[in-house]
Structure formats: structure tokens, C-alpha cells
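Numbers 139 to 419, taken from my numbering, label the letters of the sequence shown in order.
Glycine residues also receive a C-beta, built at the ideal position from the N, C-alpha and C atoms.
Fair warning: this is a prediction, and the values are worked out from it, not measured in the lab.
Notes follow the structure.
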Amino acid sequence: MSSADPRVLDAPPRDGLDIRLVAVDMDGTLLDGEGRLPRGFDALLEHMLARGILFTPASGRQYATLRREFGASADDLAFIAENGTIVMRDGVELSSDVMDSAFVQHVLARLREVATRHDIGVVVCGKRSAYIERRDPAFVTEAERYYAELARVDDLTSVDDDVLKVAVYAFESAEESVYPELADIAASHQVVVSGRHWVDIMNSDVNKGTALRRLQETLGITREQTVAFGDYLNDLELLDAAAWSYAMANAHDEVAARARFRAPANTEYGVVTVLTELLGP
């Protein structure tokens, strides 16, 4: 089968699969090239729900943003939000990992220093809302794309909320500009490139994979009953937590090397294609 073939690549045998949980990254994975849910997704979701399969978006996006994306279906899903720092189901928090307030202050001070060399915007991601102090349209447009609950404040250091992560938007390549600047923070905390322009800072050992394992434990679902899809570096641990792990055809090279299987690109509705073939009629 050629790499241009739009069908499932290196697919596992369908017979004998007992799928109970599907965890899917959003941008570059589930969403199409226009940032929309792919064609055929609604019918697929209905099919999964009828079979008792829990569908779980796993994203760097905010929980409120994910709920907005899935509309009326949101109550039937579980959500791994903010890159694994919080897991929600039926409006109930199943787990979360809050950052120490003194460390948040340290991070904000470091990022203000980094901002003297790179064009960046900072989002403090709390449980109640996300917060920004930079207000130019170019940055606000990017922040609003991922944070449905977004408050403008005069000073991020004055935010009074349980902080889950600090997200940094770089107008350059995040992997080449901001990420190398944060080596001192990465020595004690999780610093992950979550997109071409985004870097997320969280507590150590917090990631989508940790969150997925917590969800599996809560629901009594095994790794062998789990399918996961991803495309970028913040999806690596998510794929590790699923026996049936898929890298999209458009995935970062490290992700492609880590996953067991391949799926067509998000622009070719790869998640829908794979799950339709795995689940059958």
C-alpha cells in the first residue's frame, strides 16, 4: 500500500478488538484543514456511543472550548483538556493538577524576560478562565481560538485562580525560539511544544498520557481497550497509553516513530477513516 493511499496504513486486525475508549487530539488530528469536525464524524460518534465506546478529545485546548466544539454531544464525552492538566466528564472534574502559585510567578517573570528577545504572548490557564494581558488583535485572535473563557487583565501576576498551565504563543517557530529559552524551567517542570507556535508549561509528569491513564483507571478500561490518535509532540505520552496508537500522516517525525500504526492525514479525515474501518458496521 503506498503512502498516498487514503486508507488505513498498517492497520491492526479488526477481529478480536474490544475497544472501549477512543482518545483523540484535536488540531492536526481530528479537525480538518479548516479547523472543523470532519465529514462523517457525527454518524461515527453516534455509532460509538451506541456501542458503549467513550470518545475523549485530548487537547491543549481549554475545557470550555472543547465543550463548545462538540455542542449537544459534549455531555456524552469525557475531556482531557489543557494538555492533561484536567479531566472532565459530565461537568464533573475527575482529576486535575494545579501549579504552585510561587512557581507561576517565577514563570511569568522569566517569560517577561524572554519577551525582550522574542515576540510572544502569554496565557495563564486557570480552572475558571484563561487570562491574558496582551491585547493586540494578532495575539488575541490566536488566544480566542483555543480559549472560550478568556479574561483580559492588566497584570497576569495578579490572577486569582487555580492555575493549570501557562501557555506561550510565539509568532516565530515555538520549537526554535521560545522552547530553548526555557531549559531552566524544563529541569523541574513539564515544558512541551504543543503546536507550531505554542509551548505549554505544567507540573512535572503531567501530560495527556498521564491523564488518559487516570481516566482508564477510573473507568476500569485497559490500555488494550484504548485507541489513541495524535500528530504533535504533546501527543507522545497519549499514544504510549493506548495499545492501538496512530500517528497521522501529517505527524511530527517523533510522533510517527512512537506510534504503532499510521492514519491518513487530518485533511483526509484520517480519524474517521481509521475508526470506521476498525469498528465496522
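If you check the beta carbons only, do residue i and residue j fall under 8 Å apart?
| i | j | result |
| --- | --- | --- |
| Q354 | L159 | yes |
| P225 | R352 | The sequence shown places Val at residue 225, rather than the Pro named in the question. Cβ distance < 8 Å, so V225 and R352 count as in contact. |
| R206 | A286 | yes |
| N404 | D238 | no |
| V331 | L371 | yes |
| E310 | H256 | yes |
| I218 | L416 | no |
| E313 | K346 | no |
| E271 | V291 | yes |
| S315 | S326 | no |
| P232 | T360 | Sequence check: residue 232 is Leu here, not Pro. It is not a contact, given that the beta carbons lie outside the stated cut-off. |
Express the C-alpha separation of residue j and residue i in angstroms, rounding to a whole number.
| i | j | result |
| --- | --- | --- |
| E406 | H335 | 23 Å |
| V393 | F367 | 10 Å |
| L377 | T254 | 36 Å |
| A380 | D369 | 15 Å |
| R283 | G418 | 34 Å |
| Q363 | L215 | 17 Å |
| L204 | E251 | 32 Å |
| E280 | T295 | 21 Å |
| Y269 | L288 | 6 Å |
| D274 | A308 | 14 Å |
| Y317 | A324 | 9 Å |
| R266 | D299 | 7 Å |
| D373 | T411 | 20 Å |
| F277 | G333 | 15 Å |
| S141 | V230 | Since pLDDT at S141 reaches only 37, below the 50 mark, its modelled position is unreliable, and the value read off the structure follows with that caveat. Cα to Cα, S141 sits roughly 42 Å from V230. |
| E184 | A202 | 22 Å |
| L155 | G209 | 29 Å |
| E220 | S211 | 20 Å |
| A240 | A188 | 47 Å |
| V297 | E172 | 33 Å |
| D213 | G358 | 20 Å |
| D293 | L350 | 34 Å |
Give me, in chain order, the residues of the same chain whose beta-carbon lies closer than 7 Å to that of residue i; leave out the 5 immediate sequence neighbours on both sides.
| i | result |
| --- | --- |
| T223 | S234, D235, L302, K303, M340 and V344 |
| D143 | In this prediction, D143 has a pLDDT of 39, which is less than 50 and means its spatial position is unreliable; what the coordinates show is noted afterwards. None. |
Using C-beta distances below 6 Å, list every residue in its chain close to residue i, excluding the 5 sequence neighbours before and after it, in chain order.
| i | result |
| --- | --- |
| A247 | none |
| T348 | G222 |
| L320 | V329 |
Identify, in the order they occur along the chain, each residue of the same chain with its Cβ nearer than 8 Å to the Cβ of residue i, setting aside the five sequence neighbours on each side.
| i | result |
| --- | --- |
| L413 | V160, L182, M186 and V365 |
| L168 | V162, L175, P176, F179, P195, F367, N404 and V409 |
| D322 | R248 |
| N388 | G166, D369, A403, N404 and T405 |
| G190 | R158 |
Could you tell me whether any non-hydrogen atom of the ligand MN is closer than 7 Å to the CB of residue i?
| i | result |
| --- | --- |
| E271 | With respect to small molecules bound, the structure shown includes none, and the ligand MN cannot be examined in it. |
Cβ pair count under 8 Å reaching 3, the segment 159-176 against the segment 194-203: In the pairwise beta carbon analysis, the segment 159-176 is classified as touching the segment 194-203: at least three pairs are separated by under 8 Å.
Three CB pairs or more closer than 8 Å across the segment 297-314 and the segment 247-261: The segment 297-314 is in contact with the segment 247-261.
Entirely enclosed beta strand (DSSP E) segments - the segment 289-376, minimum 3 residues: As far as the segment 289-376 is concerned, its whole beta strand (DSSP E) runs of at least 3 residues are 301-308, 328-331, 336-340 and 364-368.
Any 3 or more C-beta pairs closer than 8 Å across the segment 367-387 and the segment 395-411: Yes: the two stretches touch, three or more of their Cβ pairs being nearer than 8 Å.
Whole runs of the beta strand (DSSP E) within the segment 220-255, excluding any shorter than 3 residues: Within the segment 220-255, the complete beta strand (DSSP E) segments of 3 residues or longer fall at 224-227 and 230-234, listed in chain order.
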